[in-house]
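Participant:
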Amino acid sequence: MGRTRTLGMSDDTSRVPSYTVPCDDYVHVVEFSPFASGTPASLLAYGGNQYVVVGTCVFQEEDLDVEGVKFNVLRAFHHELRVDALAWSPESHLDRIPTIRFCTAAADRRLRLLTSDLQDRHEVKVMEGHSSYINHLVFEPSEGKQIASVSDDHTCRVWDLDGSQTATFRLRSPGISVCWHPEEVFKLMVAEKKGTIRFYDLVTQQAILSLDSGQSPLTSADWCLTNTIKVGAVAGNDWLIWDITRSSYPQEKRPAHRDKAQQFKWSRANENLFATTGCPGKVNTQLLIHHLGHPQVAGDDRLGHGGLWPELAPHAPAVRDRRR
Numbered sequence: 011m012g013r014t015r016t017l018g019m020s021d022d023t024s025r026v027p028s029y030t031v032p033c034d035d036y037v038h039v040v041e042f043s044p045f046a047s048g049t050p051a052s053l054l055a056y057g058g059n060q061y062v063v064v065g066t067c068v069f070q071e072e073d074l075d076v077e078g079v080k081f082n083v084l085r086a087f088h089h090e091l092r093v094d095a096l097a098w099s100p101e102s103h104l105d106r107i108p109t110i111r112f113c114t115a116a117a118d119r120r121l122r123l124l125t126s127d128l129q130d131r132h133e134v135k136v137m138e139g140h141s142s143y144i145n146h147l148v149f150e151p152s153e154g155k156q157i158a159s160v161s162d163d164h165t166c167r168v169w170d171l172d173g174s175q176t177a178t179f180r181l182r183s184p185g186i187s188v189c190w191h192p193e194e195v196f197k198l199m200v201a202e203k204k205g206t207i208r209f210y211d212l213v214t215q216q217a218i219l220s221l222d223s224g225q226s227p228l229t230s231a232d233w234c235l236t237n238t239i240k241v242g243a244v245a246g247n248d249w250l251i252w253d254i255t256r257s258s259y260p261q262e263k264r265p266a267h268r269d270k271a272q273q274f275k276w277s278r279a280n281e282n283l284f285a286t287t288g289c290p291g292k293v294n295t296q297l298l299i300h301h302l303g304h305p306q307v308a309g310d311d312r313l314g315h316g317g318l319w320p321e322l323a324p325h326a327p328a329v330r331d332r333r334r
């Protein structure tokens, strides 16, 4: 206890945190909500050993009265186990009657759907079905009435909010990442560890398109939600970019990290910006910001033994990753 983790951190003295949040224990997951909160503030959740803290971030770009960044804790929630993954619901908002809804994954192979009004109402729905570690989950982005999750059990599962499974896709290797189309709610993208990325139609429950990285293990993939013909991923030491209208093979591929790449995230504001991270626990683990069309790295943060997880460009929270 009494340890401090930062939401922006670097060993380079020229790169200092915008804001530091003192935490009482290790932080394993940090997630900005990708959805509007109904206020100028952005919703942020971080979780660790048996807890999730929900708060708001207001940036100077959004409120000129704020100097840099202002973080405010809304509530801390008890969580039975360490939080390994977390996804925000689009139903979370702070205007009118506040509602907070997010879903977590833990080592007991269960999903937990938490709903709160930040006062007296606090509900937890446990969802069971996966038989191995859950690697990633996401809400359907328009109404938030469904959740998709991928697991080491070689499945992608789609759930209603009552915990019923509406679809199960059998994969050929562990599911690593899952993304939902921002407008066409019947399209789902699933990335597998062996290097294949498939797009599924939730109506027919059939694969409609596949991409091949040509290498494994693929450790992370993301759908560019500002231009959905673009898909990005990291596999081995490289980052890879596809134009899904042109080929099933990557249009661009370049080395990114000496000690293997771990995470890929597109900017939510610019279709040409994306971030990659190195493998947690390695010396000089890095967050690299890349710009398509520019061969040089747009940004470079060295994080010692930590891991930086960009969730809402241009703001990137940094935490230690100690999942496995």
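Position in the sequence shown (first residue = 1) + 10 = the working numbering. Ideal Cβ placement from N, Cα and C applies to all residues, glycine included. Quick caveat, the model's predicted, so the values are computed rather than measured.
(1) Go through the stretch 46 to 134 residue by residue and report every complete run of the beta strand (DSSP E) that reaches 3 residues or more, in order.
(2) Please report how far the alpha carbon of V79 lies from the alpha carbon of A55, in whole angstroms.
(3) Let me make sure I understand the geometry here. Which of K204, L221, L198 has the alpha-carbon closest to that of Y210?
(4) Sort out for me which residues DSSP pairs T255 with in a bridge.
(5) Can you give the beta carbon distance from N282 to P265, rounded, assuming they're within the 8 Å contact cut?
(6) How long is the line joining the alpha carbons of H146 and V76, rounded to whole angstroms?
(7) Look at the Cβ atom of V68, then the Cβ atom of P44, and state whether they are nearer than 8 Å.
(8) Ignore the nearest five residues each way along the sequence and tell me which others in V93's own chain have a CB closer than 7 Å to its CB.
(9) Could you tell me the alpha carbon to alpha carbon distance between L171 and A95, rounded to whole angstroms?
(10) Can you list, in chain order, the residues of its chain with a C-beta nearer than 8 Å to that of S220? Leave out the 5 residues immediately preceding and following it.
(11) Since I believe S47 is in contact with L104 (beta carbons under 8 Å), could you give me their beta-carbon distance rounded to a whole number of angstroms?
(12) Assuming V136 contacts C189 under a Cβ cut-off of 8 Å, what Cβ separation, rounded to an integer in Å, is found between them?
(13) Tell me whether Q216 is buried or exposed, calling it buried when 16 or more other Cβ atoms sit within 10 Å of its Cβ.
(14) Return the residue from the list S226, A285, H267, P151 that minimises the CA-CA distance to S183.
(15) Just to check my reading of the structure: S230 and I186 have Cβ atoms closer than 8 Å, yes? What is that Cβ distance to the nearest angstrom?
(16) With burial defined as no fewer than 16 other Cβ atoms inside 10 Å of the residue's Cβ, what is the status of G303: buried or exposed?
(17) For T165, count neighbouring C-beta atoms within 10 Å of its own C-beta (all shown protein chains included) and say buried if the count is 16 or more, exposed if not.
(18) Under the rule that 16 or more other beta-carbon atoms within 10 Å means buried, what is I107, buried or exposed?
(19) Spatial neighbours of L250 within its chain, please: CB distance less than 8 Å, with the 5 preceding and 5 following residues excluded, ordered by chain position.
(20) Beta-carbon within less than 6 Å of G65's beta-carbon, same chain only, minus the 5 sequence neighbours each way: which residues are those?
(21) Given a threshold of 16 other Cβ atoms within 10 Å of its Cβ, counted over all protein chains shown, does S152 qualify as buried or as exposed?
(22) Contact defined as beta carbons within less than 8 Å: I believe E202 pairs with L228. What is the distance between those atoms, to the nearest angstrom?
(23) Check T238 in the structure and name its three-state DSSP category.
(24) Alpha carbon to alpha carbon, how far is W252 from C289?
(25) Alpha carbon to alpha carbon, how far is H89 from R256?
(26) What separation, rounded to the nearest whole angstrom, lies between the Cα atoms of T125 and G154?
(27) Go through its chain and collect everything with a Cβ distance to Q60's Cβ below 6 Å, but skip five positions before and after it.
(28) Please state the DSSP three-state secondary structure of T286.
(29) Starting from T176 and walking both ways along the beta strand (DSSP E), at which residues does that stretch end?
(30) Can you tell me which of R119, E133, D162, D118 puts its alpha carbon nearest to the alpha carbon of F87?
Facilitator: So, from the listed chains and residues:
(1) 52 to 58, 61 to 69, 79 to 88, 95 to 98, 110 to 115, 121 to 126
(2) 16 Å
(3) L198
(4) BP columns for T255 are empty, so no partner.
(5) Wrong, their Cβ atoms sit about 19 Å apart, outside the cutoff.
(6) 34 Å
(7) no
(8) H38, V39, G57, G58, V62, T114, A116
(9) 17 Å
(10) T206, I207, R208, F209, S258
(11) 5 Å
(12) Actually they do not touch by this definition, with Cβ atoms about 24 Å apart.
(13) exposed
(14) S226
(15) 6 Å
(16) exposed
(17) buried
(18) exposed
(19) S223, G242, A243, V244, P260, E262, K263
(20) L54, F81, N82, V83, L84
(21) exposed
(22) 7 Å
(23) coil
(24) 23 Å
(25) 45 Å
(26) 12 Å
(27) H89
(28) strand
(29) 175 to 180
(30) E133
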